[in-house]
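Some notes on the structure that comes next.
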Amino acid sequence: MSRGELVGGIALVALPALASALLAWRIVVGRMAHLRGEQALAAGFLIAFTAIVAIHLLPLFLGALSQATVLVATGVVAAGALALRPVRRAADGEAAAPEAPPGDPVGWGLALLGAAAIAVGAIASIRWALPNQFFNLDVVAGNLPQAARWIETGSLWQLDEYVPLQAHASYPGSGMLLFVWAMLPLDNDVLVRAVVVPVYAWWGVAAYALARELGARASAALLAACALLAAPIAAEATLEHAFPDVLLYAAMTTGGLFLVRHARSGRGSDLVLAGLGIGLGVATKWYGATAAVVLLVVWAGARLVSRRDVVATLREGTVVAGVAFLACGAWLIRNLVEIGNPIFPVKVGPIFDAAPDVVREQVGFSVAHYATDFDVLRSSIVPDVLSALGPVAVSGVVAAVVALVAGRRPGRRLVLVVALAALGLAVAYAVTPYTALGREGAPFLTRSNARYAVPALIVAVMLVAWLAGRLRTRFAAEAVLLGCVLAAIPNAFDPLRAKSLVLAAMVVAAVVAVAAILRFVVPEGRRTLATAAAGLAAAVVLVAYLDRTEDRFNAFRYRTFDPTFALLQSSPPLEVGVTGTWSLDGIAPVWPAFGDRMQNDVRYVGVEDDGWLRELRDGRAFAAQVRREDLDVLVVGLGTVPRERAPEEAYARQAGLEEVTRSRRLALYAKPELAAAARAAAGVPAG
């Protein structure tokens with residue numbers, strides 16, 4: 000794409016962010032003046048990202064998503080923000096926050112070392128990842144294609160599945176709306192990682208704020224936040240693969256922060272923010288729903304025990320649950336309308352039916368399934384989970400046990416509640432299907448699906464931070480946290496190359512230097528103008544860097560990964576079919592089939608049966624569907640274990656398509672009138 004297109008696209012991506020930031024600022028500063036520091040920043044992030052999601056979700060829900068309707072929604076948000084009148088409310092009546100142990104230069108030294116290591120590692124990892132194509136199966140066969148289809152049709156009212164016997168299309172999709180935000184102005188995925196990174200930063204802020212609210216020393220809270228950001232599975236999923244899961248982590252952590260804060264403040268606004276965070280988490284991934292249930296049950300139980308007021312607890316719980324439903328309800332309604340089951344593929348007694356989940360029955364085992372199989376636990380599950388969560392998981396388990404014991408003492412009920420929440424979230428993870436995905440006795444995706452354990456890890460690490468200031472050996476827990484951070488970094492931010500590390504260190508040093516100059520050198524009266532100038536300069540540098548990155552990102556795209564992808568990139572708009580299955584030792588063909596500017600209309604040639612996509616094994620019906628949908632090109636997967644020929648190839652020839660090229664994993668067929676051009680694009684010699 001041209002430089003003008005890129006700059007214009009970046010500007011259109013920036014507008015919803017600016018309007019949402021303005022709304023967050025007007026609400027937090029003008030109406031939540033009782034919030035200070037990290038709590039105000041966490042609330043601002045939550046409001047801003049909720050607004051960004053809403054700006055894209057509302058037009059999509061109405062079946063009218065386009066760049067024009069997004070701009071209209073952006074204008075409405077900005078106008079609403081400007082129309083808000085400040086309402087100053089004092090913090091009178093709030094109980095004081097738990098008193099934290101005093102800080103110390105040694106503790107701060109450890110914390111700043113950990114923060115610097117995380118910053119350098121994360122920036123180096125981002126620098127490596129930004130120019131690279133996406134290749135993770137969930138991303139290229141689920142997340143990106145779904146976002147592209149929403150952009151293409153402008154409507155939420157569809158379920159676009161591309162992998163047989165999977166239910167990706169019925170997942171809640173607020174996290175994927177971040178992809179829509181990044182891709183809609185450019186018809187390209189070059190900015191997807193760039194818009195996910197700020198959510199990662201938000202998560203760190205929210206974790207620090209939660210630890211402080213629980214009474215942790217500031218240095219320990221900062222190290223706890225760093226330890227979470229260094230959890231290998233979370234860092235990899237966010238910075239390398241751009242999974243939307245990090246939106247769940249950040250939103251749920253912020254929701255937990257305001258649930259805890261409400262216990263001392265009694266403010267309705269804290270309940271609203273808690274519900275918003277929890278609801279946004281549920282709207283991102285299904286395991287957010289189980290985490291939400293655990294958090295709300297533990298919170299409600301604690302409120303009942305402490306106040307013995309059923310009516311008040313029900314009233315407060317209704318506020319949280321009501322706001323949470325507003326944040327996630329669109330996806331439940333979509334599933335109810337499209338499938339008849341809001342939480343498909345889960346069957347809910349006689350109320351909501353669901354056809355059998357074949358994959359779940361065969362390979363969708365949970366960690367709890369192996370609770371008494373010590374060989375599998377020792378050889379596979381425990382090592383994979385520890386590899387995914389990092390060494391801080393062990394510290395979290397120890398801290399949770401200590402908190403369960405220490406929390407029984409008078410005045411420490413809050414930490415007991417937090418420990419119970421950690422235990423409940425850990426149990427919820429263990430019983431969740433697919434956490435030990437694989438054949439009976441041979442789980443192989445335990446590490447990847449340890450993402451579902453991160454909510455439990457968040458709460459457990461908060462207990463480590465709380466414990467840090469209460470040990471007789473000063474800074475022992477902080478030293479442990481720093482050790483966990485440094486030990487996890489090579490796995491969290493892999494691959495780390497010397498050049499990337501040096502450049503990342505220079506960026507961190509420059510940011511620190513500019514911040515110090517603004518704080519200590521620039522006169523107070525000129526600080527706002529100087530900060531704005533520094534921000535503008537940073538924006539110019541960022542745009543220049545993204546311009547260079549775009550050249551590398553789109554130069555070859557997927558053309559060199561498989562000969563069947565070549566035709567599908569810089570081509571005129573094509574009607575593309577994808578069918579069959581493919582091996583996992585290469586890139587799934589779904590996202591490459593959309594083309595470099597999302598110009599192709601891509602669908603799976605199969606049959607929908609009781610909400611499930613299935614392969615179509617009737618040759619005549621298959622050929623009829625190819626003709627009915629007027630497909631120009633068909634990409635055929637040759638099987639999870641590749642075969643020399645797939646049945647769908649015979650069906651394609653029956654529909655009048657000609658073979659263009661093939662690889663070990665895939666075969667490409669096209670209409671006769673396109674076959675010659677397709678062979679040339681794929682580099683196949685004529686004749």
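Numbering that gives the first Met the number 0 puts the sequence shown at residues 0 to 686.
Where a beta carbon is used, it is the ideal one built from N, C-alpha and C, also for glycine.
Through-space distance from residue j to residue i, alpha-carbon basis
{"i": "Pro442", "j": "Glu239", "result": "24 Å"}
{"i": "Gly437", "j": "Leu313", "result": "42 Å"}
{"i": "Leu444", "j": "Ala370", "result": "17 Å"}
{"i": "Ala181", "j": "Val401", "result": "44 Å"}
{"i": "Met431", "j": "Ala200", "result": "Going by the sequence as given, residue 431 is Thr instead of Met. Cα to Cα, the separation comes out at about 28 Å."}
{"i": "Asp561", "j": "Phe621", "result": "25 Å"}
{"i": "Phe519", "j": "Leu566", "result": "57 Å"}
{"i": "Gln66", "j": "Val319", "result": "33 Å"}
{"i": "Phe474", "j": "Arg664", "result": "55 Å"}
{"i": "Leu70", "j": "Arg302", "result": "43 Å"}
{"i": "Glu160", "j": "Trp590", "result": "12 Å"}
{"i": "Ser499", "j": "Pro231", "result": "18 Å"}
{"i": "Val147", "j": "Leu17", "result": "Correcting the residue identity first, residue 147 is Ala in this sequence and not Val. Roughly 24 Å between the two C-alpha positions."}
{"i": "Val507", "j": "Phe552", "result": "24 Å"}
{"i": "Glu648", "j": "Glu657", "result": "9 Å"}
{"i": "Ala236", "j": "Val625", "result": "36 Å"}
{"i": "Met251", "j": "Gly423", "result": "15 Å"}
{"i": "Ala20", "j": "Leu56", "result": "17 Å"}
{"i": "Met505", "j": "Pro522", "result": "26 Å"}
{"i": "Ala123", "j": "Leu502", "result": "7 Å"}
{"i": "Arg211", "j": "Gly29", "result": "23 Å"}
{"i": "Ala429", "j": "Met597", "result": "39 Å"}
Unbroken beta strand (DSSP E) run spanning residue i, endpoints
{"i": "Glu574", "result": "574 to 580"}
{"i": "Asp269", "result": "Not the beta strand (DSSP E): Asp269 falls in the alpha helix (DSSP H), residues 267 to 281."}
{"i": "Trp611", "result": "611 to 614"}
{"i": "Glu607", "result": "605 to 608"}
{"i": "Ala669", "result": "665 to 669"}
Where the alpha helix (DSSP H) through residue i begins and ends
{"i": "Leu57", "result": "36 to 60"}
{"i": "Gly316", "result": "309 to 337"}
{"i": "Glu658", "result": "First-last for Glu658: 657 to 661, but that is the beta strand (DSSP E), not the alpha helix (DSSP H)."}
{"i": "Gly214", "result": "From DSSP, Gly214 is part of no alpha helix (DSSP H); its letter is neither H nor E."}
{"i": "Gly79", "result": "66 to 82"}
{"i": "Val635", "result": "Val635 -> not in any alpha helix (DSSP H); beta strand (DSSP E) instead, spanning 632 to 637."}
{"i": "Arg525", "result": "Looking at the DSSP string, Arg525 is not in any alpha helix (DSSP H), and its letter there is neither H nor E."}
{"i": "Ile26", "result": "2 to 30"}
{"i": "Trp590", "result": "589 to 592"}
{"i": "Thr559", "result": "Element bounds for Thr559: n/a, residue is neither H nor E."}
{"i": "Glu239", "result": "Taken as a continuous stretch (DSSP letters only), Glu239 belongs to no alpha helix (DSSP H), as it is neither H nor E."}
{"i": "Ser264", "result": "244 to 264"}
{"i": "Ala63", "result": "Here Ala63 belongs to no alpha helix (DSSP H), and DSSP marks it neither H nor E."}
{"i": "Ile125", "result": "104 to 128"}
Assumed close pair residue i, residue j - CB separation to whole angstroms, cut-off 8 Å
{"i": "Tyr603", "j": "Val635", "result": "With a Cβ gap of about 12 Å, Tyr603 and Val635 do not count as contacting."}
{"i": "Ala449", "j": "Val393", "result": "Contact flag wrong, Cβ pair sits at about 14 Å."}
{"i": "Glu643", "j": "Gly576", "result": "With a Cβ gap of about 21 Å, Glu643 and Gly576 do not count as contacting."}
{"i": "Ala476", "j": "Ala467", "result": "4 Å"}
{"i": "Ala234", "j": "Phe492", "result": "6 Å"}
{"i": "Ser365", "j": "Thr434", "result": "5 Å"}
{"i": "Val12", "j": "Val194", "result": "7 Å"}
{"i": "Ile457", "j": "Ala116", "result": "The pair is not a contact, with the Cβ atoms about 20 Å apart (cut-off 8 Å)."}
{"i": "Gly274", "j": "Ala323", "result": "5 Å"}
Residue j beta carbon less than 8 Å from that of residue i
{"i": "Asp546", "j": "Asn187", "result": "no"}
{"i": "Ala478", "j": "Leu109", "result": "yes"}
{"i": "Ala405", "j": "Val414", "result": "yes"}
{"i": "Pro390", "j": "Cys483", "result": "yes"}
{"i": "Gly605", "j": "Thr578", "result": "yes"}
{"i": "Gly280", "j": "Leu247", "result": "yes"}
{"i": "Leu691", "j": "Gly113", "result": "Because the chain here runs from 0 to 686, residue 691 falls outside it and cannot be looked at."}
{"i": "Leu294", "j": "Ala42", "result": "no"}
{"i": "Glu93", "j": "Ser264", "result": "yes"}
{"i": "Ala99", "j": "Ala217", "result": "yes"}
{"i": "Ala241", "j": "Val198", "result": "no"}
{"i": "Gly395", "j": "Val453", "result": "no"}
{"i": "Trp298", "j": "Leu325", "result": "no"}
{"i": "Gly610", "j": "Phe343", "result": "yes"}
Within-8 Å CB hit, residue i to chain E
{"i": "Ala651", "result": "Chain labels in this structure do not include chain E; a single protein chain is all it has."}
Can you list, in chain order, the stretches of the alpha helix (DSSP H) that have 4 or more residues and sit fully within the stretch 421 to 478? 453 to 467
4 or more residues per run - each alpha helix (DSSP H) lying fully within the stretch 487 to 521: 497 to 519
May I have a chain-ordered list of the alpha helix (DSSP H) segments no shorter than 4 residues that lie completely inside the stretch 345 to 394? Counting only runs of 4 or more, we get 357 to 362, 381 to 388.
Counting only runs that start and end within the stretch 139 to 196, where is the alpha helix (DSSP H) found for 4 or more residues in a row? Segments of the alpha helix (DSSP H) lying fully in the stretch 139 to 196: 143 to 152, 175 to 182.
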